[in-house]
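Q:
There are 2 protein chains.
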Amino acid sequence: MTASFVARILARDLRAVARAISKIENDASDASDILKALFPHTGRGLTIGITGAPGAGKSSLVDKLAAYYRTLEKTVGIIAVDPSSPFSGGAILGDRIRMQALANDPHVFIRSMATRGNLGGLARATVDVVAVLDAAGYDRTLVETVGVGQDEVDIVKTADVSIVVLVPGMGDDIQAIKAGIMEIGDIFVINKAERDGVERTERELITLLEMSERSDGWRPPIVRTVATQNKGIAEFVAAIEQYAAFRQQQTASLVRRASIAENRLVESLRERLLRRVLHEAFAPGQLHELAMAVAARQRDPYSIVEDVVSRVHIAKSEEQEH
Amino acid sequence: MTASFVARILARDLRAVARAISKIENDASDASDILKALFPHTGRGLTIGITGAPGAGKSSLVDKLAAYYRTLEKTVGIIAVDPSSPFSGGAILGDRIRMQALANDPHVFIRSMATRGNLGGLARATVDVVAVLDAAGYDRTLVETVGVGQDEVDIVKTADVSIVVLVPGMGDDIQAIKAGIMEIGDIFVINKAERDGVERTERELITLLEMSERSDGWRPPIVRTVATQNKGIAEFVAAIEQYAAFRQQQTASLVRRASIAENRLVESLRERLLRRVLHEAFAPGQLHELAMAVAARQRDPYSIVEDVVSRVHIAKSEEQEH
Numbered sequence: 024m025t026a027s028f029v030a031r032i033l034a035r036d037l038r039a040v041a042r043a044i045s046k047i048e049n050d051a052s053d054a055s056d057i058l059k060a061l062f063p064h065t066g067r068g069l070t071i072g073i074t075g076a077p078g079a080g081k082s083s084l085v086d087k088l089a090a091y092y093r094t095l096e097k098t099v100g101i102i103a104v105d106p107s108s109p110f111s112g113g114a115i116l117g118d119r120i121r122m123q124a125l126a127n128d129p130h131v132f133i134r135s136m137a138t139r140g141n142l143g144g145l146a147r148a149t150v151d152v153v154a155v156l157d158a159a160g161y162d163r164t165l166v167e168t169v170g171v172g173q174d175e176v177d178i179v180k181t182a183d184v185s186i187v188v189l190v191p192g193m194g195d196d197i198q199a200i201k202a203g204i205m206e207i208g209d210i211f212v213i214n215k216a217e218r219d220g221v222e223r224t225e226r227e228l229i230t231l232l233e234m235s236e237r238s239d240g241w242r243p244p245i246v247r248t249v250a251t252q253n254k255g256i257a258e259f260v261a262a263i264e265q266y267a268a269f270r271q272q273q274t275a276s277l278v279r280r281a282s283i284a285e286n287r288l289v290e291s292l293r294e295r296l297l298r299r300v301l302h303e304a305f306a307p308g309q310l311h312e313l314a315m316a317v318a319a320r321q322r323d324p325y326s327i328v329e330d331v332v333s334r335v336h337i338a339k340s341e342e343q344e345h
Numbered sequence: 024m025t026a027s028f029v030a031r032i033l034a035r036d037l038r039a040v041a042r043a044i045s046k047i048e049n050d051a052s053d054a055s056d057i058l059k060a061l062f063p064h065t066g067r068g069l070t071i072g073i074t075g076a077p078g079a080g081k082s083s084l085v086d087k088l089a090a091y092y093r094t095l096e097k098t099v100g101i102i103a104v105d106p107s108s109p110f111s112g113g114a115i116l117g118d119r120i121r122m123q124a125l126a127n128d129p130h131v132f133i134r135s136m137a138t139r140g141n142l143g144g145l146a147r148a149t150v151d152v153v154a155v156l157d158a159a160g161y162d163r164t165l166v167e168t169v170g171v172g173q174d175e176v177d178i179v180k181t182a183d184v185s186i187v188v189l190v191p192g193m194g195d196d197i198q199a200i201k202a203g204i205m206e207i208g209d210i211f212v213i214n215k216a217e218r219d220g221v222e223r224t225e226r227e228l229i230t231l232l233e234m235s236e237r238s239d240g241w242r243p244p245i246v247r248t249v250a251t252q253n254k255g256i257a258e259f260v261a262a263i264e265q266y267a268a269f270r271q272q273q274t275a276s277l278v279r280r281a282s283i284a285e286n287r288l289v290e291s292l293r294e295r296l297l298r299r300v301l302h303e304a305f306a307p308g309q310l311h312e313l314a315m316a317v318a319a320r321q322r323d324p325y326s327i328v329e330d331v332v333s334r335v336h337i338a339k340s341e342e343q344e345h
């Protein structure tokens with residue numbers, strides 16, 4: 024890595040930004056150095072995480088949101104994340120045709136990400152990609168997920184503003200999902216609001232929201248949109264900016280950021296530790312041999328794991344020694 | 024742990040089974056010893072993993088499947104897993120009213136599980152709970168998930184038979200999910216098959232299936248059911264048993280079991296390593312202090328993680344020394 028490469032990212036050179044993101048995705052050896060150099064320049068943009076059940080129209084909503092921010096002369100990054108696609112190797116969302124106007128706008132950066140490999144860490148990789156866009160000076164970065172599983176929740180809750188998108192008349196099982204993601208929603212959007220059942224969905228949502236009070240005192244607003252007709256987008260943006268302003272004033276803001284930072288440290292450690300130990304504790308092919316022995320019930324997996332963990336030692340840090 | 028406790032589990036003493044599962048969920052200190060003692064007694068029952076989009080009627084289907092297996096005089100375990108509910112602390116699925124007949128049948132064991140805490144590991148915990156039910160002599164263990172995210176895929180792919188449930192007339196976004204979970208489906212069920220659009224959904228599914236050929240030569244069948252009317256359940260069970268018999272004959276069976284075992288070792292290591300290192304590398308409160316420093320942008324998270332990882336060392340195993 025050269026200082027000039029970092030300088031090009033900070034100057035929002037599109038090719039440098041794209042290359043930095045690829046380095047993060049591929050876990051290139053210099054990815055960490057780049058992120059370290061960019062870190063002091065982060066924290067200026069606003070990251071908006073958007074999740075919701077499949078079919079809720081999140082993609083259209085994100086497109087319209089981005090277009091609206093462009094009318095406000097904000098630069099926009101869009102990251103479409105698809106953790107439900109572990110086997111594809113590529114990101115399905117990337118295949119969708121984004122609004123032509125967005126794709127041709129040099130002030131809009133669009134990128135898809137999907138889970139690859141066993142080591143996971145999509146949430147961490149997403150946070151790092153957001154950091155690159157933030158350092159590159161994108162004013163608003165929209166992180167859109169395809170579904171509403173644990174991975175999506177992990178990703179969206181690292182955003183500055185978390186949006187949950189619903190649609191009228193979802194089935195009973197959606198109730199279960201709603202309950203799971205209720206706590207991460209700073210703003211709720213009922214998209215496709217021209218459909219029957221919008222009142223009922225809103226009533227149910229209000230009931231659910233009334234059951235849970237937030238420690239910061241924020242009352243998550245409910246915004247109705249029809250993304251395909253560009254309806255309700257101004258209100259949606261107003262709600263986002265209102266919440267962002269609210270957070271700025273809060274002393275709770277640092278606490279939330281610290282909580283996000285702690286999650287991020289733990290996530291990052293989880294992955295790096297596993298990688299290091301897999302590399303050091305096992306000879307090439309040994310893990311596979313052990314797995315064959317477990318499959319044949321000659322070895323039990325619990326003893327194997329215990330043996331490895333018991334062999335791990337952590338040297339004292341310099342701080343601790345002094 | 025006493026040998027008599029293990030003996031009671033093996034004799035399918037319901038209270039002992041329930042207690043063992045609680046120990047696994049709470050990560051009790053003797054959970055690992057219990058699992059080690061049970062391990063040689065596992066591998067006799069058949070584990071059936073069931074996933075699919077919310078609203079597909081998986082719960083009804085699982086209830087009817089269990090009831091049908093009871094008419095065949097099979098004992099049945101049911102584990103309802105909800106990874107999308109990280110904050111609730113309890114399992115939402117457990118609140119649903121299961122068929123009265125099942126709940127009162129001493130040969131049916133029903134348990135709900137949800138993600139708790141930061142350390143995750145729901146897939147591992149589920150595998151361990153399945154092992155308890157397997158050792159306790161349950162002939163068929165049904166593992167039902169609420170959604171179709173990465174966690175659900177991780178859970179369902181550890182089953183002997185993986186079922187993907189669809190419904191007619193799902194929206195466009197479902198296509199994306201379908202593609203993500205296509206590769207784990209040994210059997211596909213179109214539930215609510217009385218609805219309009221069932222032919223179209225089946226045609227689309229056939230097209231998707233034709234695009235991907237399995238290395239083991241199995242052609243996943245498509246079964247139509249109307250779970251609420253108990254229709255198609257016999258055919259569904261026939262498909263499951265047919266696939267189980269197919270797998271038994273395969274030399275590929277050991278390879279698949281080894282691949283599952285390897286995943287399981289890695290998952291288990293990931294979690295245990297993190298826990299050990301968090302405990303040993305940081306003084307109480309230190310991680311939180313570091314997170315505050317990151318939030319205030321006084322420290323960068325990448326250097327903190329690198330420092331910890333560089334301090335981790337793995338002692339040689341006895342096998343390696345000789």
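Just so you know, the sequences run in chain order A and B.
Start counting the first sequence at 24; every next residue gets the next number (our numbering).
Start counting the second sequence at 24; every next residue gets the next number (our numbering).
C-beta: ideal position from N, C-alpha, C; glycine also.
1) Return yes when the Cβ of A/Ala148 is within less than 8 Å of the Cβ of A/Ile283, no when it is not.
2) Please classify A/Ala294: is it buried, with 16 or more other beta-carbons within 10 angstroms of its beta-carbon, or exposed?
3) By alpha-carbon positions, which one of A/Ser82, A/Thr74, A/Leu95 and A/Ala54 ends up nearest to A/Val8?
4) Closer than 7 Å by C-beta to B/Pro307: which residues in its own chain qualify, once you throw out the five before and the five after it? Chain order, please.
5) Alpha carbon to alpha carbon, how far is A/Tyr266 from B/Met315?
6) Identify the residues that DSSP records as bridge partners of A/Lys254: which are they?
7) May I ask you to verify whether the stretch 221–240 of chain A touches the stretch 52–64 of chain A, counting CB pairs closer than 8 Å and requiring at least 3?
8) So for B/Ser276, helix, strand or coil by DSSP?
9) Got a sec: is the Cβ-Cβ distance from A/Val167 to anything in chain B below 8 Å?
10) Does A/Gly112 pass the burial test, meaning 16 or more other C-beta atoms within 10 Å, or should it be called exposed?
11) Rounded to whole angstroms, what's the CA-CA distance from A/Ala257 to B/Asp330? Just pull it up for me.
12) Who are the neighbours of A/Ser326 on chain B, taking C-beta pairs under 7 Å?
13) Would you say the stretch 73–88 of chain A touches the stretch 45–60 of chain A, given that touching needs at least three Cβ pairs under 8 Å?
14) Could you give the distance in angstroms between the alpha-carbon of A/Ser326 and the alpha-carbon of A/Leu313?
15) Skipping 5 residues on each side, what residues in its chain have a beta carbon closer than 8 Å to that of A/Thr224?
16) How far does the alpha helix (DSSP H) with A/Phe28 in it extend, from its first residue to its last?
17) Contact between the stretch 87–98 of chain B and the stretch 152–167 of chain B: three or more CB pairs below 8 Å?
18) Which same chain residues end up closer than 8 Å to B/Ile229 when comparing Cβ atoms and leaving out the 5 residues on each side of it in sequence?
19) Which two residues bound the contiguous beta strand (DSSP E) that contains B/His336?
20) Where do the N-terminal and C-terminal ends of the alpha helix (DSSP H) with A/Ala146 fall, by residue?
21) Closer than 8 Å by beta-carbon distance: list the chain A residues that pair up with B/Val332, in chain order.
22) Provide the residue(s) that pair with A/Val187 in DSSP beta bridges, ordered along the chain.
23) Note down, in chain order, each residue of its chain lying with its Cβ closer than 7 Å to the Cβ of B/Asp177, except the 5 sequence neighbours on either side.
24) By Cβ distance, which residues of its chain are closer than 7 Å to A/Arg226, with the 5 residues on each side in sequence left out?
25) Distance check for B/Phe211 and A/Arg320, CA to CA, integer angstroms please.
26) DSSP three-state label for A/Thr164, please.
27) Going along the chain, which residues of its own chain have a beta-carbon closer than 8 Å to the beta-carbon of B/Ala216, five neighbours each way excluded?
28) Whose C-beta lies closer than 7 Å to the C-beta of A/Val328 among residues of the same chain, with five residues either side of it excluded?
29) Measure the CB-CB distance between B/Val29 and B/Ala60 and report whether it falls below 8 Å.
30) Per DSSP, B/Gly100 is paired with what?
31) Counting only beta-carbon separations shorter than 8 Å, does B/Asp323 have a partner in chain A?
32) Using a Cβ-Cβ cut-off of 6 Å (strictly less than) and excluding sequence neighbours within five positions of B/Phe132, which residues of its own chain qualify?
33) Report the residues of the stretch 208–236 of chain A with a CB closer than 9 Å to any CB of chain B, ordered along the chain.
34) B/Ile32 and B/Ala26 - do their beta-carbons sit closer together than 8 Å?
35) A/Gly68 and A/Asp157 - do their beta-carbons sit closer together than 8 Å?
36) Where DSSP assigns a beta bridge to A/Leu69, which residues make up the other side?
A: In brief:
1) Within the first sequence, numbered from 1, the residue matching residue 283 of chain A stands at position 260. Within the first sequence, numbered from 1, the residue matching residue 148 of chain A stands at position 125. No, Cβ-Cβ distance for A/Ile283 and A/Ala148 is not below 8 Å.
2) Reading the first sequence from its first residue, position 271 is the one you call residue 294 of chain A. Reading the sequence as shown, one finds Glu at residue 294 of chain A and not Ala. Buried: at least 16 other Cβ atoms inside 10 Å.
3) There is simply no residue 8 of chain A to check, as chain A begins at 24 and stops at 345 in what is shown.
4) Stepping through the second sequence from its first residue, residue 307 of chain B is reached at position 284. Excluding positions up to five away in sequence, the list is empty.
5) Mapped onto the first sequence, residue 266 of chain A falls at position 243. Mapped onto the second sequence, residue 315 of chain B falls at position 292. Distance between the alpha carbons of A/Tyr266 and B/Met315 is about 22 Å.
6) Looking up residue 254 of chain A in the first sequence gives position 231. DSSP lists A/Val249 as partners of A/Lys254.
7) no
8) The count along the second sequence starts at 1 and reaches residue 276 of chain B at position 253. Helix.
9) Position 144 of the first sequence, counting from 1, holds the residue named residue 167 of chain A. Just to set this straight, residue 167 of chain A is Glu in the shown sequence, not Val. So no, A/Glu167 is outside the interface.
10) As a working mapping, residue 112 of chain A is identified with position 89 in the first sequence. With a pLDDT of only 32 at A/Gly112, under 50, the local geometry of the prediction cannot be trusted, and the value read off the model is given with reservation. A/Gly112 should be labelled exposed.
11) Reading the first sequence from its first residue, position 234 is the one you call residue 257 of chain A. Reading the second sequence from its first residue, position 307 is the one you call residue 330 of chain B. A/Ala257 and B/Asp330: Cα-Cα distance of roughly 46 Å.
12) Counting from 1 along the first sequence, the entry for residue 326 of chain A is found at position 303. Scanning chain B for C-beta atoms nearer than 7 Å to the C-beta of A/Ser326 yields Lys59, reported in chain order.
13) Because the criterion of three Cβ pairs below 8 Å is not met, the stretch 73–88 of chain A and the stretch 45–60 of chain A do not touch.
14) Residue 326 of chain A sits at position 303 when you count from the first residue of the first sequence. Residue 313 of chain A sits at position 290 when you count from the first residue of the first sequence. Spanning the two alpha carbons is a distance of roughly 11 Å.
15) Walking along the first sequence from the start, residue 224 of chain A turns up at place 201. Closer than 8 Å at Cβ, skipping near neighbours: Leu189, Val190, Pro191, Gly192, Met193 and Ile213.
16) In the first sequence, counting from the first residue as 1, residue 28 of chain A sits at position 5. Segment Ala26 to Leu33, the alpha helix (DSSP H) holding A/Phe28.
17) Because the criterion of three Cβ pairs below 8 Å is met, the stretch 87–98 of chain B and the stretch 152–167 of chain B touch.
18) On the second sequence, position 206 is the one that residue 229 of chain B refers to. Cβ neighbours of B/Ile229 beyond the five flanking positions: Ile245.
19) Within the second sequence, the letter at position 313 stands for residue 336 of chain B. Residues Val335 to Ile337.
20) The sequence position of residue 146 of chain A within the first sequence is 123, counting from 1. Looking at the DSSP string, the run of the alpha helix (DSSP H) that includes A/Ala146 is Leu145 to Ala158.
21) Position 309 of the second sequence holds residue 332 of chain B. Ordered by position in chain A, the residues that pass the 8 Å Cβ test against B/Val332 are Leu292, Arg295, Leu296 and Arg299.
22) As a working mapping, residue 187 of chain A is identified with position 164 in the first sequence. Answer is A/Thr74 and A/Phe211.
23) In the second sequence, counting from the first residue as 1, residue 177 of chain B sits at position 154. For B/Asp177, where only same-chain residues beyond five positions count, the Cβ hits under 7 Å are Ala146.
24) If you number the first sequence from 1, residue 226 of chain A lands on position 203. Excluding residues within five positions, none has a Cβ falling inside 7 Å.
25) For the purposes of this step, residue 320 of chain A is identified with residue 297 of the first sequence, where counting begins at 1. For the purposes of this step, residue 211 of chain B is identified with residue 188 of the second sequence, where counting begins at 1. For A/Arg320 and B/Phe211, the distance between alpha carbons rounds to 30 Å.
26) As a first step, residue 164 of chain A must be located in the first sequence, where it is residue number 141. Here A/Thr164 sits in strand by DSSP.
27) Numbered from its first residue, the second sequence carries residue 216 of chain B at position 193. Pro191, Arg247, Thr248, Val249, Lys254 and Gly255, listed in sequence order.
28) Along the first sequence, read from residue 1 onward, the residue named residue 328 of chain A stands at position 305. Excluding its 5 nearest sequence neighbours in each direction, A/Val328 has no C-beta neighbour in its own chain below 7 Å.
29) Numbered from 1 along the second sequence, position 6 holds the residue referred to as residue 29 of chain B. Numbered from 1 along the second sequence, position 37 holds the residue referred to as residue 60 of chain B. Taking 8 Å as the Cβ cut-off, B/Val29 and B/Ala60 qualify as a contacting pair.
30) For the purposes of this step, residue 100 of chain B is taken as the residue at position 77 of the second sequence. B/Gly100 pairs with B/Phe132 and B/Thr164.
31) Here residue 323 of chain B is taken as the residue at index 300 of the second sequence, counted from 1. Yes, its Cβ sits closer than 8 Å to a Cβ of chain A.
32) Along the second sequence, read from residue 1 onward, the residue named residue 132 of chain B stands at position 109. Hits under 6 Å: Gly100.
33) Listed in sequence order: no entries.
34) Residue numbering aside, residue 26 of chain B sits at position 3 when the second sequence is read from its first letter. Residue numbering aside, residue 32 of chain B sits at position 9 when the second sequence is read from its first letter. B/Ala26 is not a Cβ neighbour of B/Ile32, given a cutoff of 8 Å.
35) Along the first sequence, one-based indexing puts residue 157 of chain A at 134. Along the first sequence, one-based indexing puts residue 68 of chain A at 45. Their beta carbons are under 8 Å apart, which means A/Asp157 touches A/Gly68 by this criterion.
36) Position 46 of the first sequence holds residue 69 of chain A. A/Arg163.
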